[in-house]
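Following this note's numbering, the numbering of the sequence shown begins with 702 at its first residue and continues without gaps.
Below is one structure; the comments refer to it alone.
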Amino acid sequence: MTTPARSVVRPGSKTSRQEAPVLDAPIVIGLLGSFRIFKAGCPLTLRNADKTRALLCNLALQDHFAASREQLLHTLWPQAQNGSAGQSLNSLVYSVHKLLGDALGGTAPVIYADGYYRLNVEAGIAVDVVRFEALVREGTRRIRTDQTSAAIQAYEQAVQLYRGDLCNVSDIRSLMLCEALRAQYLRLLAEMADHYCTKQDYTACLAYAHQLLAADPCREDAHRLIMRCYVRQGQRAQALRQYRVCENMLHTEFDAIPEATTVELYHQIRLHPDSV
702 MTTPARSVVR PGSKTSRQEA PVLDAPIVIG LLGSFRIFKA GCPLTLRNAD
752 KTRALLCNLA LQDHFAASRE QLLHTLWPQA QNGSAGQSLN SLVYSVHKLL
802 GDALGGTAPV IYADGYYRLN VEAGIAVDVV RFEALVREGT RRIRTDQTSA
852 AIQAYEQAVQ LYRGDLCNVS DIRSLMLCEA LRAQYLRLLA EMADHYCTKQ
902 DYTACLAYAH QLLAADPCRE DAHRLIMRCY VRQGQRAQAL RQYRVCENML
952 HTEFDAIPEA TTVELYHQIR LHPDSV
């Protein structure tokens, strides 16, 4: 099966802080890595930034946590009386409408119904977390139906979106979501590295494996993959150095030694590199 052309943004590269996530929408909210909001592709500076950011962060995760009026009042104004907090929430929602409404053709960016607030995604608001999860699901579905090329394309887009762990983690629910998203991201990197190793594209494999180690330095499977890539590129010394990196990292982090599989690969590279 033909491997799809890879994106211009290589794995492990850092996009500009002011660059919008790769989402086609009038309003884009980014929660991966840091909070960002873009209007027609341009970054916005928020007034009343802390409250506006908190409101939008809560609403942006509406697929996971429904945002009731009571919950928002408690989160945004925990010490205020209900009456004054309610007025403040109404004013805050109105300010968001003034800020974003024109990009949505005058449509309200925040909708209130049956006691709950939500972002008006139908009008054109996109969230990087939502898109990331959708791409992961698409890639996984394609893998199950043997559509490897389409799966890799979806995974590559998802990796580009994941600029860092979920921001604004303030309670156990958001912490659990953060860990779940991170686990999905690490799985994608591992699968992408394995895919390109199988295709003998060792440059791409190394890029994804190094990105995996940047996020989780003690992943021995990534260290082993890097060792294999280096030796297959004729860089045996670099492969042996990678073993030392793995060994030192495990000792520093956990006072542990490498797995038997890693040690065996090291000796294989040292004594019989052509067999790797």
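Glycine is no exception: its CB is placed at the ideal position from the N, C-alpha and C atoms.
Arg748 sits in coil when the DSSP states are folded into three classes, being neither helix nor strand. For Leu733, DSSP records a beta bridge to Leu867.
Nearest C-alpha to His798 among Gln943, Gln780 and Arg819: Arg819. Counting only residues of its own chain and dropping the five nearest sequence neighbours on each side, Gln969 has a CB closer than 7 Å to the CB of Ser976 and Val977. When C-alpha distances from Ala938 are compared across Cys947, Asn949 and Arg971, the shortest belongs to Arg971. Beta-bridge pairing by DSSP links Ser792 to no other residue. Of the candidates Met877, Ala767, Gly816 and Ala915, the residue whose Cα lies closest to the Cα of Arg864 is Ala915. Just so you know, the alpha carbons of Lys900 and Gln854 end up roughly 15 Å apart.
Take the alpha-carbon of Leu733 and the one of Asp815: they are about 29 Å apart. Of the other Cβ atoms in all chains shown, 16 or more fall within 10 Å of the Cβ of Asp829; this residue is therefore buried.
Of the candidates Cys868, Ala884 and Met877, the residue whose Cα lies closest to the Cα of Ala859 is Ala884.
Distances from the CA of Met928 to each of Leu907, Asp917, Gln912 and Glu880 were compared; the closest alpha carbon is that of Leu907.
Contact annotation: Asn869 and Phe736 have beta-carbon atoms nearer than 8 Å. Taking 8 Å as the cut-off, the beta carbon of Val811 is found closer than this to the beta carbon of Leu760.
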